[in-house]
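Peer 1:
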Amino acid sequence: MKYFKYLLIILSFSVLTILVVFMRNRNVKLYKEFELYSSEPVSGLAWLVISSPKQASILEEKQGIKFPEIDFNKNFLVESKGRKIRTLKYRLVTKYLWDYNIPMGTAEFFGDVNPNSIYVYIIDKHNIKQKGD
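With the first letter of the sequence shown counted as 1, position 101 gets the number 140 in my numbering; the numbers rise by one all the way through.
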């Protein structure tokens, strides 16, 4: 009976630790903001992590813009169409809740939509996706 109490305490502590690690919100630090002009109006609802030079060049060609030069071995870019991002967060547990096998991110935006602006941020290598991508 004595060992059962210890086992129960250890098990409870383990479950609590796992919940804290996987369930807490993790902030993505937005290091630098760039505002790019888009000839096409944008909605202000979408954001995207750009994780490779190939992906960046495809988007540059498609949208007629030029992203800042970065080292994709150290950083990624986040593109927000029409609205500045106030915060970008994710939870590790969301990695296991859908088919992409990467965490689902959520963004909180500042106020109004700027219909011809694309905001680009440099971030650490966090491969996250917006729900609905």
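Every residue gets a Cβ at the ideal spot worked out from N, C-alpha and C, and that includes glycine. Computed from a predicted model, the values in this text were never measured in an experiment.
Per DSSP, which residues does D163 bridge with? Please list them.
Peer 2: N114
Peer 1: How about N66 and R130: are their beta carbons less than 9 Å apart?
Peer 2: no
Peer 1: Buried or exposed for F43, going by 16 or more other Cβ atoms inside 10 Å?
Peer 2: Exposed, by the Cβ-count rule.
Peer 1: Just how far apart, CA to CA, sit E147 and K134?
Peer 2: Distance between E147 and K134, taken at the CA atoms: about 20 Å.
Peer 1: Would you verify that the beta carbon of K168 is, or is not, closer than 9 Å to some beta carbon of chain D?
Peer 2: No chain D appears in the structure shown, which is made up of a single protein chain.
Peer 1: Can you say whether P142 is buried or exposed, counting buried as having 16 or more other CB atoms within 10 angstroms of its CB?
Peer 2: buried
Peer 1: Hey, would you say V159 sits closer than 9 Å to P107, going by beta carbons?
Peer 2: yes
Peer 1: Figure out for me which residue from I124, E118, G144 and A85 has the closest Cα to the Cα of E99.
Peer 2: E118
Peer 1: Return the first residue and the last residue of the beta strand (DSSP E) that E74 is part of.
Peer 2: K71 to Y76
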